[in-house]
Amino acid sequence: MSQAASHAESAPASHDESHEAGHDEHHGPAWLAHHFDTPAQQFDAAKLGMWAFLAQELLFFSGVFVAYGIFRSWYPEAFSSASHQLDRVMGAANTIVLLFSSWTAAMAVRSSQLGKKQQTTTLLLITIACAFIFLIVKYFEYQHKFHAGLLPGKYFGHPVDGGLFGAIPAGHGHTPHLAPKAHIFFSLYFVMTGIHALHVIVGIGVLFWIVKRNAAGEFSKEFFTPVDLVALYWHLVDLIWIYLFPLLYLID
Amino acid sequence: MGAATTTVPRAQPHHPDPNENYLKAERGIMSWLVTLDHKRIGIMYLISVILAFAVGGFFALAVRFELFSRGHTIMDADQYNRAFTLHGVVMVFLFIIPSIPAALGNFVLPIQLGAKDVAFPRLNLMSYYIYVFGACFALYSMVTGAVDTGWTFYTPYSMRTTSSVIPMVLGAFIMGFSSILTGVNFLVTVHKLRAPGQTWTKLPLFIWGLYSTSIIQVLATPVLAITLLLLCLERFLGLGIFDPKLGGDPVLFQHFFWFYSHPAVYIMIVPGMAVVNEIIATFTRRAIVGYMFVAMSSLALALLGFLVWGHHLFVSGMSEYATMVFSGLTFLVAIPSGVKVFNWVATLYKGSIRLESPMLYALSFIFLFTIGGLTGLFLGMLAIDVHLHDTYFVVAHFHYVMVGGTVMGFVGGLHYWWPKMTGKLYNEGMAKVAWFLVFIGFNVTFIAQFIMGSRGMPRRYYDYLPEFEIFHKTSTIGSWILGAGFLTMLAMFIISLKSGAKSTRNPWGSAALEWQTPTPPPLANFIKVPTITRGPYDYHLATEEELSEQ
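Residue numbers (UniProt numbering), protein chains in the order written: chain A, 1 to 252; chain B, 1 to 550.
Below is the structure:
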């Protein structure tokens, strides 16, 4: 919590810029909420809250991980053969993209701590760009699966022509011969990557919001908590993908 | 634990008007709907959960009335299935889970910490609206045909039924987020916003209870969320994860469901226990015996709660070794529960007991929870569970825990903090009459169910054999007495709001921190930020001024 310590030190310096309209007292910079006494206290609270939230996220994903473990142990052939239908190159590319974006997110926190506003914006925008690249790659993967009829559950083996993922020429669908119960693998594939993709989309929204706030000059050497927290969230999104990639793509 | 509580001012440039309070500070409906004040959010939760309780109670009375006589009484079998499901879902997800933490906890927790608010006030308001949003889904499900699965939504039936499962499940899913956010908020508040001098060993036991509850809320609720999401997807897409026809495992749903819902029992009961601590200390004028044991037993319950879900699946098909392990772990829960009950009894011993209405509910809690807890041991016992599984014995057991525990704790806490919340006193005589009806009605209702359950009456059945008729009749009559008790209580509180006498600062003469601030509390909870120098139950260290009413 060295950042917190630097917060505490910098607090008196920013004490005068009080223009907060709190309901009982004025005791700090505008970004210090009325119910906190010191910037360090506010920073620590925000960080602890985020960690608790991320713990919750992990438990949320744990359900599908447990389901994965059970069904893989029950139907190992189905999982192995179905896994080969996934595109390892695309999966690996996405892994690299996300790892890189996690690095830029971390760098954004650093530049925000140093008060380099423009650099922070750039780094966050690169992170967002990576998130979009990830989704685009995912789109092509999904489209291929839809086309080939590699769909979850009861739709398995029914190639989709057109629809949500654009016009796919009809009649070209070909479902490969897979071990029985392969549909469960694709159920889990779509649920796991789908929920993960949802987290990527939410992340893009939040990152844009942070970019906007950063551009508006809300953050400084003294106050960079939101940048820090969104980066933490982004690391979790990255982390979960790092588990999904081998579990889904690299079964042998 | 230190010397007397003194309210030392700290970095406080100007003093707000001492007559200002959170109820009067701002006016108009909008000032409530967009408030960030934890006290007002607590009151909004309170109104919402009481409404939910009324709806759930209505279905309870309807179900009991149907069972008053054999065959068709007021509804057919299908309506009966929907009625008991709605009773369960509404009571569990809309009432019991948020009742004490979100309603009473929101109001009391920051004040007991000497904080101005919870750590994330906006998140707090958001969590309230998420709760309302989820409740709307549940309501939508009710008007579009309701659900007939039972509140547990067990697969594969919940995947096959044509009733309105998806909106109800989504409602529970959404309300889960409200629960998680409240949990995160409380965890951080307890860690980071304690007043100067408020060490962990000087925390009120109510806080320890809510802290433990928050851990469960944060770590268990997401598992329910993913489970319900998978159930919805199973209905939409036929995933095959829970559907045996597609190679899935319906028992996996039970494992997932109870991985949340067993810890959820402690989301329900630990806050109730926490309220009882406050009431017993105040109405015996003694420190709770074995403070640290009681505090740690809350944490122990929170942690053990995660390890025992398997006891719901003894007859669902588990390996015998798994059942033995789960049975053994289940028995461990008796230890922290016993610690609490023995410590309460030890506190009562030689305490100067005042039998005012909150105390009557606290004593009822001990009495009823003990019965509920001990009958839980019957069910944790492998061989006996095979006989009692899914009978009325189970129904009676969990009602003794949930109603005898949580509801008694909630209602006791409501009586206890009512003067602080509203600034009004209520009619003590009427409160005692209501308590008497509730206590008697509850026991009449559920003792009959213990007996018929042990004789083999299965739960959730629309009809029954003639030999069970006497028990069903008794139980239904009990439910009327219970209902009359709650109606009396409601009338009493409404009368109090309209024409109750003005409450003093500390009507119970408590040494705890929340009674040291004006009634109702000012916007920032305290006129001056308090510095805590003694524990909340250190009556021997409290000054006359602190214990006085004014």
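Glycine included, each C-beta is placed from N, C-alpha and C at the ideal position.
Hey, quick one: how far does the alpha helix (DSSP H) through residue i stretch, first residue to last?
i, result
"residue 190 (chain B)", "165-192"
"residue 398 (chain B)", "392-401"
"residue 143 (chain B)", "121-143"
"residue 81 (chain A)", "76-83"
"residue 363 (chain B)", "357-380"
"residue 277 (chain B)", "250-284"
"residue 489 (chain B)", "469-499"
"residue 505 (chain B)", "Here residue 505 (chain B) belongs to no alpha helix (DSSP H), and DSSP marks it neither H nor E."
Mind checking residue i: buried by the 16 CB within 10 Å criterion, or exposed?
i, result
"residue 200 (chain B)", "exposed"
"residue 234 (chain B)", "buried"
"residue 62 (chain B)", "buried"
"residue 41 (chain B)", "buried"
"residue 21 (chain A)", "Because residue 21 (chain A) sits at a pLDDT of 38, beneath the cut-off of 50, its placement in the model cannot be relied upon, and the point is left open."
"residue 96 (chain A)", "exposed"
"residue 358 (chain B)", "buried"
"residue 366 (chain B)", "buried"
"residue 249 (chain A)", "buried"
"residue 72 (chain B)", "exposed"
"residue 466 (chain B)", "exposed"
"residue 76 (chain B)", "exposed"
"residue 115 (chain A)", "exposed"
"residue 52 (chain B)", "buried"
"residue 194 (chain B)", "buried"
Taking 9 Å as the threshold (beta carbon to beta carbon), is residue i in contact with chain A?
i, result
"residue 39 (chain B)", "no"
"residue 174 (chain B)", "no"
"residue 230 (chain B)", "yes"
"residue 185 (chain B)", "yes"
"residue 115 (chain B)", "yes"
"residue 234 (chain B)", "yes"
"residue 536 (chain B)", "no"
"residue 143 (chain B)", "no"
Under three-state DSSP, which class holds residue i?
i, result
"residue 531 (chain B)", "strand"
"residue 251 (chain A)", "coil"
"residue 350 (chain B)", "coil"
"residue 458 (chain B)", "strand"
"residue 138 (chain A)", "helix"
"residue 202 (chain B)", "helix"
"residue 424 (chain B)", "strand"
"residue 340 (chain B)", "helix"
"residue 116 (chain A)", "coil"
"residue 24 (chain A)", "Since pLDDT at residue 24 (chain A) reaches only 44, below the 50 mark, its modelled position is unreliable, and no value is offered."
"residue 213 (chain B)", "helix"
"residue 318 (chain B)", "coil"
"residue 75 (chain B)", "coil"
"residue 235 (chain B)", "helix"
"residue 244 (chain B)", "helix"
"residue 39 (chain B)", "helix"
Of all the CB atoms in chain B, is at least one closer than 9 Å to the CB of residue i?
i, result
"residue 212 (chain A)", "no"
"residue 62 (chain A)", "yes"
"residue 145 (chain A)", "no"
"residue 85 (chain A)", "no"
"residue 196 (chain A)", "no"
"residue 66 (chain A)", "yes"
"residue 100 (chain A)", "no"
"residue 109 (chain A)", "no"
"residue 49 (chain A)", "yes"
"residue 11 (chain A)", "Because residue 11 (chain A) sits at a pLDDT of 38, beneath the cut-off of 50, its placement in the model cannot be relied upon, and the following sentence gives the value as read from the coordinates. No, residue 11 (chain A) lies away from the interface with chain B (no Cβ there is under 9 Å from its Cβ)."
"residue 306 (chain A)", "Because chain A in this structure spans residues 1 to 252, residue 306 (chain A) falls outside the shown range and cannot be described."
"residue 141 (chain A)", "no"
At the level of alpha carbons, what is the spacing between residue i and residue j?
i, j, result
"residue 141 (chain A)", "residue 86 (chain A)", "8 Å"
"residue 187 (chain B)", "residue 109 (chain B)", "11 Å"
"residue 562 (chain B)", "residue 115 (chain B)", "Because chain B spans 1 through 550 in this model, residue 562 (chain B) falls outside it and cannot be assessed."
"residue 261 (chain B)", "residue 86 (chain B)", "17 Å"
"residue 361 (chain B)", "residue 435 (chain B)", "7 Å"
"residue 414 (chain B)", "residue 93 (chain A)", "58 Å"
"residue 558 (chain B)", "residue 22 (chain B)", "Chain B is shown from 1 up to 550; residue 558 (chain B) falls before or after that span and cannot be answered."
"residue 372 (chain B)", "residue 253 (chain B)", "26 Å"
"residue 126 (chain A)", "residue 101 (chain A)", "7 Å"
"residue 172 (chain A)", "residue 108 (chain A)", "Annotation note: pLDDT 44 at residue 172 (chain A) (below 50); position unreliable, coordinate value reported separately. Distance between the alpha carbons of residue 172 (chain A) and residue 108 (chain A) is about 46 Å."
"residue 124 (chain A)", "residue 209 (chain A)", "10 Å"
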